[in-house]
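Under the numbering used here, the first residue of the sequence shown carries the number 31, and numbering increases by one thereafter.
Heads up, the beta-carbon is just placed ideally off N, CA and C, and yes, glycines get one too.
Note that this is a predicted model, so its numbers are computed, not measured.
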Amino acid sequence: MATHFDPYPDSYEAEQAPCGTWLGERSESSSNWAHVDCRLCLKRKTEIIAAHAVNEAAIIEQMGDMAAYFRRNEAACAAGGQDE
Ligand SMILES: [Zn+2]
Numbered sequence: 031m032a033t034h035f036d037p038y039p040d041s042y043e044a045e046q047a048p049c050g051t052w053l054g055e056r057s058e059s060s061s062n063w064a065h066v067d068c069r070l071c072l073k074r075k076t077e078i079i080a081a082h083a084v085n086e087a088a089i090i091e092q093m094g095d096m097a098a099y100f101r102r103n104e105a106a107c108a109a110g111g112q113d114e
């Protein structure tokens with residue numbers, strides 16, 4: 031049984047390893063490349079890491095947008111007085 035790479039091993043939502051293999055109940059996955067021995071995952075390692083980095087960047091950007099949104103809201107509340 032090969033161990034596939036999974037950036038979120040605690041999430042049970044992942045049904046498919048990044049290499050495209052469908053994960054069964056007995057499939058192993060790890061976020062630690064040292065434990066990954068799926069040849070497909072290892073072959074695509076650079077690609078998978080790059081995709082993951084893009085994903086992370088998108089999440090961080092989204093959180094930044096959210097923070098900016100809340101800041102704008104706060105400013106609007108402060109400026110809008112106490113109507114309501
Ligand atoms: Zn794999």
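Buried or exposed by the 16-neighbour rule on C-beta atoms within 10 Å, applied to residue i
i: Val-84; result: exposed
i: Phe-100; result: exposed
i: Ala-47; result: buried
i: Ile-90; result: exposed
For residue i, the residue or residues it bridges with in DSSP
i: Glu-58; result: Thr-33
i: Trp-52; result: Gln-46
Inter-residue CB distance, residue i and residue j (contact presumed, cutoff 8 Å)
i: Cys-71; j: Cys-49; result: 4 Å
i: Phe-35; j: Ser-57; result: With 8 Å as the limit, Phe-35 and Ser-57 do not qualify as a contact, their Cβ atoms being about 12 Å apart.
Which residues, in chain order, sit with a beta-carbon under 5 Å away from any heavy atom of ligand 1? His-34, Ala-47, Cys-49, Thr-51, Cys-68, Leu-70, Cys-71
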